[in-house]
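**Student:** If you scroll down you'll find the structure; I have some questions about it.
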Amino acid sequence: MSSHSLPPAPYFDTQELRHTLTALFNTHGSAAEARPAILDRLKLLVKAARGTARLQLESDGNGRRCALGLARFQDELVRLIYDYTAAHVYRATNPSDAERMAIVATGGYGRELLAPGSDIDLLFLLPYKQTPWGESVAEYMLYLLWDLGFKVGHATRTVDQCIKLANSDTTIRTSLLDMWLIQGDEKLFGELERRFRTDVIKGSERAFIEAKLAERSERHRRAGESRYKVEPNIKDGKGGLRDLHTLHWLSKYLLGHDVGRESVEKGIFTAREVATFRKCEDFLWTVRCYLHFYTGRAEELLSFEIQPMLADRLGYKDKSGLRAVERFMKHYFLVAKEVGDLTTILCAALEMQQLKSTPVFDALRNPLTWKLRRQVREKTDFRIDNGRMNIADAEVFRRDPVNLIRYFAQAENTSTFLHPNAIRELRRSYPLIDDKLRNDPEANRIFLKLLTGHASPEATLRRMNEAGVLGRFIPEFGRVVAMMQFNMYHHYTVDEHLLRTVGMLTDIERGGAAGELPLSTELIKTIQNRLVLFVACFLHDIGKGRVEDHSIVGARIARKLCPRLGLTAAETDTVVWLIEQHLTMSNVAQSRDISDPKTVRDFADIVQSPERLKLLLLLSVADIRAVGPGVWNGWKGQLLRNLYYETEPLLSGGHTQIPRSTMVAEAQAELRTALNDWPSEEVDHFINRHYPDYWLRTEPTRRVYHARLLREAEREGKTFAAGQQTDAFRAVTELTVFAPNHPRLLSLLAGACAANGANIVGAHVTTTRDGYALDTFLLARELGEDEDELRRAKRIEETIERLLRGDTWVRQLLEKRRPTPARVEAFKVPPEVYINNTLSDAYTVIEVTGRDRTGLLHELTNALSDLYLDITSAHITTFGEKAVDVFYVTDLTSKKIESETRQQTIKDRLIQILEGPATTQ
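Going by our numbering, the first residue of the sequence shown is number 2, and it counts up by one from there.
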């Protein structure tokens, strides 16, 4: 007996409980008096049944058996309540034909599978009209079930009403497709079953299939298109239980049976595919039952905080560079992939039987496409049947294994879908994908052309991946298929991210993001070799999941793989370098002070040529944009552009070393020109307030803005002033604050931002000669309209004023904020502090890494003030749950921190903050 057919354990003795309820009724003398005692007894019953189900699940790990057991218990409970109600509460002393009733399970309950938190869908079926008796019985039962804690969906209808509604509403029709008589009149239920088959199903098969598949597409759209989202919805997500339900509904509608022997006999599924269906169903039900028991509610989202617990309960262990939770989620995504494969096969099989509309490409109207299709039949081992790429005979792949790669090229060239017969034969041919095929020059030539093609490389590679060919042809890629990374930064599995990166690069090349990515769109037209860029995009994260750094592993894989694909030695060297350095440009742009000349010089030394700079920028942009929705923003784009523009002259020979004094003088002259309508003495006054570093580190437009802000404050006799500017293109709002300088000012400003829920992405800190601070905070844009952003910045300004006056304290404000979300608490980020004196000529660079939390920047800057450090600039980056904050500092005499003892003191204090809650005011 297979695991999914094991009978559930009995939960209670039905006859004994009937006697118990009758005794309670007789003891109290009336239904109203007995109800509290009846309810208490049934609550104990429900609690015991759930406890038994949970113990069984933890014992055998069989979720489907658990779900079947809970459904059987629900049947017995409903029967028990109905019998008690009909016998004691609303006894029909002289029952007429109208006082008949059938209690029917519908929907998920009708499939005889219930998760611990599932809704209970009941139909109270009446013969031809509602009666006071029937209404009273249904109402009493429902209230009792609600009081027991069940979520009950219910309807009271006649057979005619059921048929009428089923014909007009697909949801009701689907619900009635799974009917199960729990208790009551069998003849009445039989009439409903018969009429449902003859009056509803017959003749409506095609319309029902179209409706359910459209509903599936919309559900995927709402839940997120990719089945590889790292926090999947186990019920409604792509590849989840609802997709299996769709297969079940279609099979039952067409064949009258669940997916099984009849599906095989009708040629819809093979026996192996039916076994896969059951295996996937078993796994998903096991995960879902654990999920409901653990959360105590009908939770369907496999969120980060829950995933480690489920991995532990299901017995996964750390292994081969992957944590237990990552191994569990890889298993989940492989199952989701198999569910998707089954859905694709069924859709294609139905289409072949003319039960579903054939999807149409615009390319079908193209005469050139029709010509290509004729050539396929005449010159290749493939055929196009009903708009799908098929094989000429069952020996196509065995006769020439290169056809396993060539098949996808033909489908792309002719804009056709994949035929289920070909996919099934392809899967049977997996053993043919061996080292001989992997090293075949023609197979590699075709694959490289697909990867670097101008049509749709992402779509074709995804087809190959979902068919199981890509990971076998390139085993290193196979290792990252369905591999998730347990962090909040990456939204997709590694293989999905790599394919999306290729897609993002294609989008840039086609000009699809020109408004958002003006520099990238121009640069990609000028690169000398697009092939190396596409290969690097495809391979850049292929080393993930190892103990060693993935950039190093990936470079090693590329060194071996690129010659196999047909790349020259020079091309291979470029791909290897791009993979080794694929994080460098984004890290420097986001975490380093680009206004510091040494930052740019050091980066230029790594890049070494203008061509490599272009390639690295394009790879960085495509990589970040492929991480997930909302990860890329205008601010990151601006940082990368700034780094490119600062570095390119050094690499192209157009840069000459200008003396520092000359650069300061030129900046001051530029300001005088911009403020030519000001009295010269006022311009001089502003210039004299600033140290030379200000002129080297501040953008020209910001200098003008500062001058006007300070002039207005001085005229009004204010010692505090603030201004706000929005920049939708860069996706930031700038908040500039002018106030008397003191050691904790930066910490106070960071606390005010945190208290208002603002995410700081950067800070520019300036001290004037006359003892004032001129600090600019760059806040991540959160609101769509500029006016809303400016109001938010104004609230922060008001908070800063209150703090400066001493009207409130940062700690008080932060305590009102929500605590760190539970999903962040699910992660462990080892605290790290690096102190480096080689990254800047003038400053010590302190890089702090730890788990993000509300007020962390405030605590860190407060600690740096305690340690008598002067912060010149701060660069704030968050990768999901991981915060990386970089500070350029000196001591109070403007010197670097050279003492090892003092460096250790700084490290110890910052580590202490990263490891614990807030300790500062």
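Where is the CB? At the ideal position from N, CA and C, for every residue including glycine.
1) Across the segment 58-75 and the segment 283-297, are there enough close Cβ pairs to call them in contact, namely three or more that are closer than 8 Å?
2) What whole-angstrom Cβ distance do residue 468 and residue 424 have, given they're in contact under 8 Å?
3) My understanding is that residue 687 touches residue 805, with C-beta atoms under 8 Å, so please give their C-beta distance in whole angstroms.
4) With H, G and I counted as helix, E and B as strand and the rest as coil, what does DSSP make of residue 869?
5) Buried or exposed: which applies to residue 545, given that a residue is buried once 16 or more other Cβ atoms fall within 10 Å of its Cβ?
6) Taking buried to mean at least 16 other C-beta atoms within 10 Å of its own C-beta, is residue 476 buried or exposed?
7) Any Cβ of chain D within less than 8 Å of the Cβ of residue 752?
8) I'd like the list of long-range same chain contacts for residue 887, defined as Cβ closer than 6 Å, with 5 residues on each side in sequence excluded.
9) Answer yes if the segment 444-464 comes into contact with the segment 396-415, meaning at least three C-beta pairs across the two stretches below 8 Å, and no otherwise.
10) Measuring only the C-alpha atoms, how far is residue 556 from residue 575?
11) Within 8 Å, do at least three Cβ pairs link the segment 787-807 to the segment 697-715?
12) Is it right to say residue 792 is buried, meaning 16 or more other beta carbons lie within 10 angstroms of its own, or is it exposed?
13) Relative to the C-alpha of residue 297, which residue among 492, 135, 55 and 136 is closest?
14) Please confirm whether residue 780 and residue 705 have their CB atoms less than 8 Å apart.
15) Restricting to Cα atoms, I'd like to know which of 702, 760, 690 and 122 is closest to residue 739.
16) Look at the Cβ atom of residue 929, then the Cβ atom of residue 614, and state whether they are nearer than 8 Å.
17) Could you name each continuous alpha helix (DSSP H) segment of 4 residues or more that falls completely within the segment 675-699, going from the start of the chain to the end?
18) Locate the beta strand (DSSP E) running through residue 181, then write down its first and last residues.
19) Go through the segment 755-791 residue by residue and report every complete run of the beta strand (DSSP E) that reaches 3 residues or more, in order.
20) Going by C-alpha to C-alpha distance, which of 458, 836 and 462 sits closest to residue 909?
21) So what does residue 735 bridge to, in DSSP terms?
22) State the CB to CB distance for the pair residue 616 and residue 533, rounded to an integer number of angstroms; the pair is presumed to be in contact (CB under 8 Å).
23) Have a look at 764, 218 and 547 and flag the residue whose alpha-carbon is nearest the alpha-carbon of residue 636.
24) Which residues in the same chain as residue 509 place their Cβ atom closer than 8 Å to its Cβ, once the five residues preceding and following it in sequence are excluded?
25) For residue 886, list the residues DSSP reports as bridge partners.
26) Where DSSP assigns a beta bridge to residue 288, which residues make up the other side?
27) Here's a check: name, in chain order, each residue in its chain whose Cβ is nearer than 8 Å to the Cβ of residue 155, leaving out the five neighbours to either side.
28) Which whole-angstrom value describes the C-beta separation of residue 594 and residue 889, a residue pair presumed to lie in contact below a C-beta threshold of 8 Å?
29) What is the rounded straight-line gap between the Cα of residue 513 and the Cα of residue 237?
30) Near residue 342, what residues of its chain come up, given a Cβ to Cβ distance below 7 Å and the 5 sequence neighbours on each side ignored?
31) Expressed to the nearest angstrom, what Euclidean distance is found between the alpha-carbon atoms of residue 324 and residue 857?
32) For residue 376 and residue 385, I'd like the C-alpha separation in whole angstroms.
33) Report all residues from its chain with a CB closer than 8 Å to the CB of residue 272; omit the five preceding and five following residues, and keep chain order.
34) Helix, strand or coil for residue 258, going by three-state DSSP, please let me know.
35) Within its chain, find whatever has a CB closer than 6 Å to the CB of residue 548; leave out the 5 residues flanking it on each side and keep chain order.
36) Work out the CA separation of residue 47 and residue 149 for me, nearest whole Å.
**Tutor:** Reading off the structure:
1) With contact defined as three or more Cβ pairs closer than 8 Å, the segment 58-75 and the segment 283-297 are in contact.
2) 6 Å
3) In fact, because the Cβ distance is near 23 Å, the residues do not count as touching under 8 Å.
4) Reduced to three states, the DSSP call for residue 869 is coil.
5) By the 10 Å Cβ count, residue 545 comes out buried.
6) exposed
7) Absent here is chain D; the protein component of the structure consists of one chain.
8) Result list for residue 887: 592, 848 and 876, in chain order.
9) Short answer: they touch.
10) 10 Å
11) no
12) The Cβ neighbour count for residue 792, taken over all protein chains shown within 10 Å, is under 16; the residue is labelled exposed.
13) 55
14) no
15) When each option's Cα is compared against that of residue 739, the closest is 690.
16) Any property of residue 929 remains undetermined from this structure, which presents the chain solely from 2 to 922.
17) 681-689 and 693-698
18) Start and end: 181-185.
19) Under the rule that a run must span 3 or more residues, the beta strand (DSSP E) segments found entirely inside the segment 755-791 read 761-768 and 773-781.
20) 836
21) 726 and 779
22) 7 Å
23) For residue 636, the nearest C-alpha among the options comes from 764.
24) 518, 521, 522, 525, 619, 622 and 623
25) Among the bridge pairs identified by DSSP, residue 886 is matched with 849 and 877.
26) Beta-bridge pairing links residue 288 to no other residue.
27) 122, 123, 124, 125, 139 and 143
28) Confirmed, about 5 Å.
29) 31 Å
30) 467
31) Approximately 27 Å between the Cα atoms of the pair.
32) One Cα belongs to residue 376, the other to residue 385, and the distance between them is close to 10 Å.
33) 265
34) coil
35) 322
36) 8 Å
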